[in-house]
Amino acid sequence: DAKTTQPPSMDCAEGRAANLPCNHSTISGNEYVYWYRQIHSQGPQYIIHGLKNNETNEMASLIITEDRKSSTLILPHATLRDTAVYYCIGANTGKLIFGQGTTLQVKP
Amino acid sequence: DTGVSQNPRHKITKRGQNVTFRCDPISEHNRLYWYRQTLGQGPEFLTYFQNEAQLEKSRLLSDRFSAERPKGSFSTLEIQRTEQGDSAMYLCASSAGQGADEQYFGPGTRLTVT
Numbered sequence: 081d082a083k084t085t086q087p088p089s090m091d092c093a094e095g096r097a098a099n100l101p102c103n104h105s106t107i108s109g110n111e112y113v114y115w116y117r118q119i120h121s122q123g124p125q126y127i128i129h130g131l132k133n134n135e136t137n138e139m140a141s142l143i144i145t146e147d148r149k150s151s152t153l154i155l156p157h158a159t160l161r162d163t164a165v166y167y168c169i170g171a172n173t174g175k176l177i178f179g180q181g182t183t184l185q186v187k188p
Numbered sequence: 033d034t035g036v037s038q039n040p041r042h043k044i045t046k047r048g049q050n051v052t053f054r055c056d057p058i059s060e061h062n063r064l065y066w067y068r069q070t071l072g073q074g075p076e077f078l079t080y081f082q083n084e085a086q087l088e089k090s091r092l093l094s095d096r097f098s099a100e101r102p103k104g105s106f107s108t109l110e111i112q113r114t115e116q117g118d119s120a121m122y123l124c125a126s127s128a129g130q131g132a133d134e135q136y137f138g139p140g141t142r143l144t145v146t
């Protein structure tokens, strides 16, 4: 599974877009980029995934660079409830290898 | 449509005792995963099942740990002779086992070994 690199922490103002970067330079051609988040004391929550193309769902957008070495998760209008640890994971089907993630603090 | 459920939510046990946790996956999900998470760390993979077959086990899963999914539905994770180092959150996830195979996690079982 691809190893990913994320900043340890980020702040975002409530109502603004949160842009969370992830480097995954060792990702292989058949590995998806997954994003999960974990709110304190809860199980991780699936957000979105992509392979090559940009993706959007009701929670977020995922922008993957053309060379697939990095991606950005975008929360378009962050709320206080989006405060969580965000994990970027490169994987095929099967087990997920979680890193330390990015702690996003949304501030009023 | 209920999500993944885990029982118990909290377990306190004395060192040396055996404990068993249960996970009920989302209905019709073929794959079931177990992870462990200690304070300040991301979840660590332990094992996973495709239906009733255990397909992969992590080296973290010592001989004291055993997992089963006898009928391809719910799963149990047993820890024998618990040690203080086993104190952690034990997370279960399930997935359809198709396509991109996103996993859906339960709330976890918090184990404290005293």
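Protein chains in written order, with the numbering used here: chain A, 81 to 188; chain B, 33 to 146. For each residue, glycine too, the CB sits at the ideal point set by N, CA and C. These numbers were taken from a predicted model, which means no experiment stands behind them.
With distances taken between CB atoms, is the gap from residue i to residue j smaller than 8 angstroms?
i: E76(B); j: L87(B); result: no
i: A125(B); j: L143(B); result: no
i: V36(B); j: Y122(B); result: no
i: I143(A); j: I154(A); result: yes
i: S98(B); j: E110(B); result: yes
i: I128(A); j: E135(A); result: yes
i: A97(A); j: H157(A); result: yes
How is the beta strand (DSSP E) around residue i delimited, first residue to last?
i: T46(B); result: Note on residue identity: the sequence assigns Lys, not Thr, to residue 46(B). Per DSSP, K46(B) belongs to no beta strand (DSSP E) and is neither H nor E.
i: K187(A); result: T182 to K187
i: V165(A); result: A164 to A171
i: P101(A); result: A98 to N103
i: K83(A); result: Element bounds for K83(A): n/a, residue is neither H nor E.
i: D91(A); result: S89 to A93
i: N39(B); result: S37 to N39
i: L64(B); result: R63 to Q69
i: R54(B); result: V51 to D56
i: K89(B); result: A85 to K89
i: I111(B); result: S107 to I111
Could you check whether the Cβ of residue i sits closer than 8 angstroms to any Cβ belonging to chain A?
i: L71(B); result: no
i: G104(B); result: no
i: E60(B); result: no
i: P57(B); result: no
i: E88(B); result: yes
i: G117(B); result: no
i: L109(B); result: no
i: L123(B); result: yes
i: G48(B); result: no
For chain B, find out if any of its Cβ atoms is closer than 8 angstroms to the Cβ of residue i; answer yes or no.
i: Y167(A); result: yes
i: K187(A); result: no
i: Q86(A); result: no
i: H129(A); result: yes
i: G181(A); result: yes
Against residue i, what residues of chain B qualify as contacts under a CB-to-CB distance less than 9 angstroms, listed in chain order?
i: H39(A); result: Residue 39(A) lies beyond the stretch modelled for chain A, which goes from 81 to 188, so this question has no answer here.
i: T173(A); result: R63, S127, G129, Q130, G131, A132 and D133
Which residues does DSSP list as the beta-bridge partners of residue i?
i: G130(A); result: V113(A)
i: F137(B); result: A125(B)
i: I143(A); result: T152(A)
i: A120(B); result: L143(B)
i: A99(B); result: L109(B)
i: E76(B); result: R68(B)
i: T136(A); result: S141(A)
Taking Cβ-Cβ distances shorter than 8 angstroms, what residues in chain A pair up with residue i?
i: L92(B); result: Here the premise fails: no neighbours, minimum Cβ distance about 11 angstroms.
Going along chain A in order, which residues have a C-beta closer than 9 angstroms to the C-beta of residue i?
i: F137(B); result: Y116, Q118, Q122, G123, P124, Q125 and Y126
Name the chain B residues whose beta carbon is nearer than 7 angstroms to that of residue i?
i: L176(A); result: F77 and Q135
Anything in chain A within Cβ reach of residue i, meaning under 7 angstroms, just list it in chain order.
i: G74(B); result: Y167, F178, G179, Q180 and G181
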